[in-house]
Amino acid sequence: MKELFLYLRAKIMAIPTINWVDLDKGQLNQYDSRPSIDFPAVLLKIEYPSTSKISRKQQQCNVLITATLAFDFMDDTDSITEEEPLSKSLQVYDIASQLHETLQGHIDNAIIRSPMDRVNLRDPNRVDTIKVITQTYRTKIIG
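Everything in the sequence shown is counted per the numbering used here, starting at 37 for the first residue and increasing by one.
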C-alpha cells in the first residue's frame, strides 16, 4: 500500500492545479472547522476488497482507489450568473477532468499490474462550503 500511495501521490502532484495530496484520514468530516489542507486537494483511500493467491508469498490484489477532490470555493452557477464568475465556479470540473486523465488507463509494471479504470464519479451534497467530487478507480497489484 505504501508504494502505491507514494506512486499515486507523485503522479497527482504533477498536476499543476492540485495543491495537496494526502491519505484520506477524515479531514473533510470536521464540519465545525476548516480542514487543515491546501485546496484544491486530493485525498486518497486505498482498499483491497479481494485478493487471490498466486504463490505461497504473493497475492494478486484487486484494488479500489478513491480520489476525493476537494475545493474551498464554489460561487454561483445559477441561470443568472455572468460568464466570468460561472467559468471560475465550473473550474472544479476542469480539475476533476485533469485528475481523471492522469489516472484513467494508467499502468506501471513495477506497481500497477492492470490499467486503472474509473468505476464511478460522485458529487455528494455537503452542509458546508467545500465542494467535493469523488472518483473511484479499480486496478490490480501484486502484493
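Don't be surprised by glycine CBs; every beta carbon is placed ideally from N, CA and C.
These figures come from a predicted structure and were not determined experimentally.
Once the 5 residues before and after residue i are set aside, which same chain residues still bring their CB inside 8 Å of it?
i           : result
residue 178 : 90, 94, 95, 96, 97 and 149
residue 41  : 59, 80 and 82
residue 87  : 95, 96, 97, 98 and 179
residue 138 : 47, 48, 50 and 51
residue 184 : Limits of the chain in this structure are 37 at one end and 179 at the other, which puts residue 184 out of reach.
Quick check: residue i and residue j, are their CB atoms within less than 8 Å of each other?
i           : j           : result
residue 106 : residue 76  : yes
residue 171 : residue 152 : no
residue 63  : residue 51  : no
residue 39  : residue 147 : yes
residue 126 : residue 78  : no
Around the Cβ of residue i, are there at least 16 other Cβ atoms within 10 angstroms (buried) or fewer (exposed)?
i           : result
residue 157 : exposed
residue 61  : exposed
residue 71  : buried
residue 173 : buried
residue 104 : buried
Relative to the C-alpha of residue i, which candidate in the options has its C-alpha closest?
i           : options               : result
residue 54  : 132, 151 and 175      : 132
residue 169 : 37, 102, 65 and 138   : 102
residue 154 : 121, 120, 164 and 175 : 175
residue 160 : 65, 44 and 118        : 65
Grab me the residues of residue i's own chain with a C-beta within less than 7 Å of its C-beta, minus the 5 sequence neighbours each way, in chain order.
i           : result
residue 49  : 57
residue 162 : 168
Hey, residue i and residue j are a contact pair by Cβ (cut 8 Å); roughly how many whole angstroms apart?
i           : j           : result
residue 111 : residue 124 : 6 Å
residue 85  : residue 100 : 6 Å
Identify, in the order they occur along the chain, each residue of the same chain with its Cβ nearer than 6 Å to the Cβ of residue i, setting aside the five sequence neighbours on each side.
i          : result
residue 37 : 82
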